[in-house]
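Student:
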Amino acid sequence: MQALVIVAHGSHLNPDSSSPTYRHADTVRETGAFDEVRTGFWKEEPHFREVLRTVESDEVYVVPLFVSEGYFTEDVIPRELRVDDEVGLDDPDPGWEPRDATPDDVDKEVHYCGPVGTHDAMSDVIVQRAESVTGDPDVGDGFGLAVVGHGTERNENSAKAIEYHADRIGERGRFDEVQALFMDEEPEVDDVTDYFESDDVVVVPLFIADGYHTQEDIPEDMGMTDDYREGWETPTEVDGHRIWYSGAVGTEDLMADVVLERAEEAGADVGDAVERVRELTGGVGTPADD
Numbered sequence: 015m016q017a018l019v020i021v022a023h024g025s026h027l028n029p030d031s032s033s034p035t036y037r038h039a040d041t042v043r044e045t046g047a048f049d050e051v052r053t054g055f056w057k058e059e060p061h062f063r064e065v066l067r068t069v070e071s072d073e074v075y076v077v078p079l080f081v082s083e084g085y086f087t088e089d090v091i092p093r094e095l096r097v098d099d100e101v102g103l104d105d106p107d108p109g110w111e112p113r114d115a116t117p118d119d120v121d122k123e124v125h126y127c128g129p130v131g132t133h134d135a136m137s138d139v140i141v142q143r144a145e146s147v148t149g150d151p152d153v154g155d156g157f158g159l160a161v162v163g164h165g166t167e168r169n170e171n172s173a174k175a176i177e178y179h180a181d182r183i184g185e186r187g188r189f190d191e192v193q194a195l196f197m198d199e200e201p202e203v204d205d206v207t208d209y210f211e212s213d214d215v216v217v218v219p220l221f222i223a224d225g226y227h228t229q230e231d232i233p234e235d236m237g238m239t240d241d242y243r244e245g246w247e248t249p250t251e252v253d254g255h256r257i258w259y260s261g262a263v264g265t266e267d268l269m270a271d272v273v274l275e276r277a278e279e280a281g282a283d284v285g286d287a288v289e290r291v292r293e294l295t296g297g298v299g300t301p302a303d304d
């Protein structure tokens, strides 16, 4: 038997924080690729430390629903799953090869996968998010695309995933312009219209769930609204540009594809589940790196 466990941050304050996690788990569950599909959280139940006890399977694939490599994926989650002694996190450049471990207190082989946000397939999800917000499956010509992250000068990994996906999408030539922007470092999303010549700009935040940053800070910072409580129109004209704001990329249904691909990398037998998820979600029909 093989099980999939999707682990995410969750929130005590925002009930919508865990909604994407549950939805992606349901999508994977519908494919029948795993005997069990479970979820675990840092701020909700079941907790990271307890989640392995909620599965009966002796082989467990753990996929972090996080945007980047950092404190949670390299420290907190391995520690709480009791696999930190075996995943090589002391290596100065461990990369994100799948890591196998057997916690002392559960009779299970745990395959610890990399975060979804650093997988190549996330580029497809960002593009799919642009299609969803514009309602145009061919969106690109005449449009700019801004991939937005939190960013922080204290942790260079925070920006790497955003820049990586912006570069990959830019190389495809689908959009007239592609730019990585940030909340807490340069170039800042506050000045989004300064970085684009295109009249239409799609803004996709590389966040897992909608919350304070995506539903309050970013729309106000971009000038789409003076008060997030009053809402905003999509698109909204800002400084002569039409801004199409998508909200968190992690709410896009195609995210389930990235979860599956992370598990498959670690050796999970997913059969045709990737193709089925792409059909279910209207996602791209070819692998992300084709």
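First residue of the sequence shown? That's 15 in my numbering, and the numbers climb one at a time after it. Backbone N, C-alpha and C fix where the C-beta goes; we use that ideal spot for every residue, glycine too.
1) Is the distance from the Cβ of Phe62 to the Cβ of Ile222 below 8 Å?
2) What is the DSSP secondary structure of Pro34, counted as helix, strand or coil?
3) Return the CA-CA distance between Tyr209 and Tyr85, expressed in angstroms with no decimal places.
4) Check the DSSP bridge columns for Glu202 and list the partner residues they point to.
5) Alpha helix (DSSP H) containing Thr295: first to last residue?
6) With DSSP run on the structure shown, which of helix, strand or coil describes Glu123?
7) Would the region 216 to 236 count as touching the region 251 to 262 if we require 3 or more Cβ pairs under 8 Å?
8) DSSP on Asp271, reduced to helix/strand/coil?
9) If I measure Cβ to Cβ from Tyr36 and keep anything under 8 Å in the same chain, skipping five residues before and after, which residues do I get?
10) So, Glu293 versus Val284, is the Cβ gap smaller than 8 Å?
11) Per DSSP, what are the beta-bridge partners of Leu18 in this structure?
12) Please determine, among Ala270, Ala280 and Gly281, the residue with the shortest C-alpha to C-alpha distance to Val288.
13) Please list, in chain order, all residues of the same chain as Ser25 whose beta carbon is under 6 Å from its beta carbon, the five residues on each side excluded.
Tutor: So, from the data block:
1) Using a Cβ distance threshold of 8 Å, Phe62 and Ile222 do not count as a contacting pair.
2) Pro34: helix per DSSP, three-state reduction.
3) Tyr85 has its alpha-carbon roughly 31 Å from the corresponding atom of Tyr209.
4) Phe196.
5) Looking at the DSSP string, the run of the alpha helix (DSSP H) that includes Thr295 is Ala287 to Thr295.
6) Under the three-state reduction of DSSP, Glu123 is assigned to strand.
7) Contact holds: three or more Cβ-Cβ distances are below 8 Å.
8) Helix at Asp271.
9) Same-chain partners within the cutoff: Thr53.
10) Between Glu293 and Val284, the CB-CB gap reaches or exceeds 8 Å.
11) Looking at the DSSP output, Leu18 shares a beta bridge with Val51 and Tyr75.
12) Out of Ala270, Ala280 and Gly281, Ala270 has the C-alpha closest to the C-alpha of Val288.
13) So the list reads Ser31 and Lys57, once near-sequence residues are dropped.
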